[in-house]
Structures are given as C-alpha cells and as structure tokens.
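Protein chains: 2
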Amino acid sequence: MAAVTNARPSARERLLASADELFYREGVHVVGIDRVIEHAGVAKATLYNTFGSKDELIRAYLQGRHAAIDKRVTEGLNAYATPREKIVGVFDIQGGRFTNPEYRGCPFVSATAEAMPGAASVSAADDYRAWVRDLFTDLSRQAGATDPESLGQQLQIIYDGIAVGMRMDRDRTESLAAGLTLVRNLLAATLDQG
Amino acid sequence: MAAVTNARPSARERLLASADELFYREGVHVVGIDRVIEHAGVAKATLYNTFGSKDELIRAYLQGRHAAIDKRVTEGLNAYATPREKIVGVFDIQGGRFTNPEYRGCPFVSATAEAMPGAASVSAADDYRAWVRDLFTDLSRQAGATDPESLGQQLQIIYDGIAVGMRMDRDRTESLAAGLTLVRNLLAATLDQG
DNA sequence: GGCGCACTAGACAGACCTGTCTATCCAGGG
DNA sequence: CCCTGGATAGACAGGTCTGTCTAGTGCGCC
Chain D
1 MAAVTNARPS ARERLLASAD ELFYREGVHV VGIDRVIEHA GVAKATLYNT
51 FGSKDELIRA YLQGRHAAID KRVTEGLNAY ATPREKIVGV FDIQGGRFTN
101 PEYRGCPFVS ATAEAMPGAA SVSAADDYRA WVRDLFTDLS RQAGATDPES
151 LGQQLQIIYD GIAVGMRMDR DRTESLAAGL TLVRNLLAAT LDQG
Chain H
1001 MAAVTNARPS ARERLLASAD ELFYREGVHV VGIDRVIEHA GVAKATLYNT
1051 FGSKDELIRA YLQGRHAAID KRVTEGLNAY ATPREKIVGV FDIQGGRFTN
1101 PEYRGCPFVS ATAEAMPGAA SVSAADDYRA WVRDLFTDLS RQAGATDPES
1151 LGQQLQIIYD GIAVGMRMDR DRTESLAAGL TLVRNLLAAT LDQG
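Chains as they are written, first to last, in our numbering: chain D, 1 to 194; chain H, 1001 to 1194.
Structure (structure tokens):
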C-alpha cells in the first residue's frame, strides 16, 4: 500500500498547464518555448515529440480553454430555470471570471490579435466563436425569440464588448454591470411582446 | 518654375506611414524595426534619433490612429442633426471603416493584447478609450439621458463588441447590422420616456 | 567656400527565437 | 536479464530581434 501513485502529472499535462498559465498571463507571442518547458520541468525534445510545434501547442492551449469554458458554462447553467434566465446566466457565470484580478481578456481575442492568417490559433478561435454563437442562438430560440440568429449575434456582441472593457479599463465591475443592464434591456425589448 | 518642391515627405513622416501600414496589418510584435525602416526607405539611426525606441514608435503610431479617428468622427458628425442621431452616426462612420476588407480590428485592442503593463501602447490605449467613453457620454448627456455615464458605457461595450466581431467573424456586414439594431433599441429604451 | 545638420548604409553586439540532434537515464514487462 | 519506450539535459544551427556605433554623403545657409 501507500504505493503512492502520487502520480506526478504526465509530461503532456505539465506542458499544457505551463502553457496555459504563461500564454494566458503574458501572451503567446511573448512567451518562448524555453520558458514553457522550464516552468513545466520538461525537456524540449518531449515538447516537440508531444505537440510537434509551438503552433500546435498554442492550439492545444486554446482548445483546453474552450473545453474549460464549455464545462463551466454548461454546468453552471443547470442552476437557471428558464432559457431566458440562462441567457443572463451565461454573463453571470463568465462575469465571475471576468472580475478575477488575474483576468487578462478573452484568450482567443488576444492569441489571434497578431496571428498570421493560417495559424492554428485562428481555427481554434473560429471553433470557440461558433460555440458561443450557437449557445446564444439556441437559448434565444428556446426563449421564443422570433429571430434567434439576430438575437444570438447581438448577445455575442455584448459578450465580446464586456470582455474587452474588462481587460482594458480600470473599473471592471462597472463594465460588467453595464453589460448586464444591456442584456436585460435587450431581452425585455425582444422577448416581451413582439 | 517647376521648382518641383515635390517635397518628398520627411523621414519622420515616412517612418510613421510605414509603421502605420505594417503595424496595423501584421501587428506590432510581429513586425520588426528592420522591416519598418526598409519599407520607409530610412536608415535605422534616423529611427532611433527620431523616436528613441520601438516602444515610442508604437506610441506614435497609436497616437496617429487616435488623431485620425478623432478627426474622421468629429467631422463626420457634423452631418447629423440631433445628439441622438449623432450617437448612431458614430457607428455609421466607424462602420464604414469596419467593413473595409483591410480592416484588422481595433488597433488599440490588438496592440495591447500581449503588452507588458508599462508599455507605451497601454497608455496610448487608455487615452483612446477615455476619448471614446467621453464622446458617448457627452452625446448621451446632450440627448437627455438620465444616466449619461451608464449609457455611454453601454454604447462603448457595443462599439467594442462590433469591432471584435468584425475582425474575427466571417460575415462582417451581419455583425455591423446587429450592432446598429442593438444601438437603436438601446436608445429607444433609454431615451424615449424614462 | 565652409560650417552644420539631417540623413544614409551597414557592421556589430548581445540576446532570444524555434526546432533538431545526440547521448543518457530509468522503469516496467517479457 | 534485457529490451523498449518515454523522458531527460543540453549543445547546436540558423535565424531574428532591438539598439549602438562608425563613417560618409548631400544640402541649405551664412
């Protein structure tokens, strides 16, 4: 007993955790491979055997962020009863992240800000944005919107705008509060009566 | 005659034009000094004599963008009669830029995406964001909003959200149209009756 | 003519980047 | 026992980055 399968995480897991922390905090262009492997305690050859290139490591980092957000939002939405409440719920759930002092903006917006057209980050960001759009559109449809695509897109605009404001402006709670007001008024105007 | 004061632009002007083009199209981190000076046809020593560092060149580039937007918006707004129309006018005027195929997102969002805390780009972006905020807040006040600060912030969220969507999504006109709908509904809800 | 100044070309330093390669180690399974 | 496979450290190649420095050029103005 005490086989102590203390199981130090695998090299792949440590690399991803290190990449997630450093890439998010400082940026995918700013952080070099050497810092990622040094922080992970992993040899450089292991990184290239596992991921093949820095670009693919960035893709894996963004896919991990996507999966984590999906899980957090999907599970969090169970606490909300109606589709309409769930829409506001998305902003509540993500707003909790946004107000974290370590929040540095949407990782997909940041990673693609200076990406070349074919970069892995771009396709990872496309996937994420499609997921957000579908989430809002589906909830809008369930809430009985007459034009759920349009409402979904408007919600995504607010979602993006809040994320930008919370990264770049001083008072973050202010930005989140204004965004929530915007969402509630939008839902009232769109869903109550036609 | 024909003194042909063809007046080739000064080294400073050529550097700024080159930086504006390359930094905006490809990103301030991606484009190196060598490419800026080569495209400008200017010696490296001249760049460092004129601006002192790459960081200050980036600041000058962003200040130039800020001044150009200020001029374009301020002049464009003369065509709109009421404060309320002017608010929508800001989105019309900037929307024209957003739909340009060379649009690559808000230069301040992109330049600061991976900037270190003390970088020149951060303070230039702070100045720009304060200008946008004041513009919307002042117009909201003139339009008779009961809480112009709140309305101004909500408008900035929409403004930022449109810019993000137009950079990252396929169909740009769709994003702009949704944003304009959002703005009009917001104004109707906020300004008509109290 | 001659002075000063803005500019030019380009080498150079020193650091950092991604990615490859060698050589070694160690644990688990047959 | 030995073999395999994943992991290790670290040198290395070849390139790029910012910023400095030297040396020289052309032009306006006194």
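Note that beta-carbon positions come from the ideal geometry of N, C-alpha and C, so glycine has one too. Predicted, not measured: the structure shown is a model, and the values here were computed from it.
Going by C-alpha to C-alpha distance, which of Phe1136/H, Pro1101/H, Gln1156/H, Ala1111/H sits closest to Val1028/H? Ala1111/H
Please confirm if the segment 65-85 of chain D is in contact with the segment 122-133 of chain D, defined as three or more CB-CB distances below 8 angstroms between the two stretches. yes
Please classify Ala2/D as buried or exposed, where buried requires at least 16 neighbouring CB atoms within 10 angstroms. Any reading at Ala2/D must be qualified, since the residue scores a pLDDT of 35, below 50, and its modelled position is unreliable; no value is offered.
Hey, could you find the ends of the alpha helix (DSSP H) Ala130/D is sitting in? 120-142
Does any CB atom of chain D fall closer than 8 angstroms to the CB of Leu1186/H? yes
Mark Ala1145/H as exposed unless 16 or more other C-beta atoms lie within 10 angstroms of its C-beta, in which case mark it buried. It is buried - the Cβ of Ala1145/H has at least 16 other Cβ atoms within 10 Å.
Chain D residues whose Cβ lies nearer than 9 angstroms to that of Glu1102/H: Result: empty, since nearest Cβ-Cβ is about 13 angstroms, beyond 9 angstroms.
For Asp972/H, is the classification buried or exposed, using 16 other Cβ atoms within 10 angstroms of its Cβ as the cut-off for buried? Here chain H has residues from 1001 to 1194 only, and residue 972/H is not among them.
Whole-number beta carbon distance between Ile58/D and Leu47/D, since they are thought to touch under 8 angstroms: At roughly 12 angstroms, the Cβ-Cβ gap does not stay under 8 angstroms, so Leu47/D and Ile58/D are not in contact.
Exposure of Glu1038/H, with buried meaning 16 or more beta-carbon neighbours within 10 Å: Exposed: under 16 other Cβ atoms inside 10 Å.
Mind pulling the chain H residues with CB within less than 7 angstroms of Leu62/D? In chain order: nothing, as chain H lies at least about 13 angstroms away.
Can you tell me whether Ala178/D is buried or exposed, with buried defined as 16 or more other CB within 10 angstroms of its CB? Ala178/D is buried by the Cβ-count criterion.
Threshold first: 4 residues or longer. Then list the alpha helix (DSSP H) segments lying entirely within the segment 34-86 of chain D, N to C. Within the segment 34-86 of chain D, the complete alpha helix (DSSP H) runs of at least 4 residues are 44-50, 54-77.
Ile1087/H at chain D interface by Cβ criterion, 8 angstroms: Taking Cβ atoms only, chain D never reaches closer than 8 angstroms to Ile1087/H, which makes this a no.
Partner residues on chain D for Ile1162/H, Cβ-Cβ distance less than 7 angstroms: Ile157
Given that Glu21/D touches chain H, what residues does it touch there, using C-beta distances under 9 angstroms? Result: empty, since nearest Cβ-Cβ is about 15 angstroms, beyond 9 angstroms.
If contacts are defined as beta-carbon pairs under 8 angstroms, then Ser1018/H and Ala1040/H qualify, I think. What distance do you get, rounded to the angstrom? Right, the Cβ-Cβ distance comes to about 4 angstroms (below 8 angstroms), so this counts as a contact.
Straight-line gap, Pro1083/H to Phe1091/H (C-alpha atoms, nearest Å): 13 angstroms
Three-state class that DSSP yields for Thr181/D in the structure shown: helix
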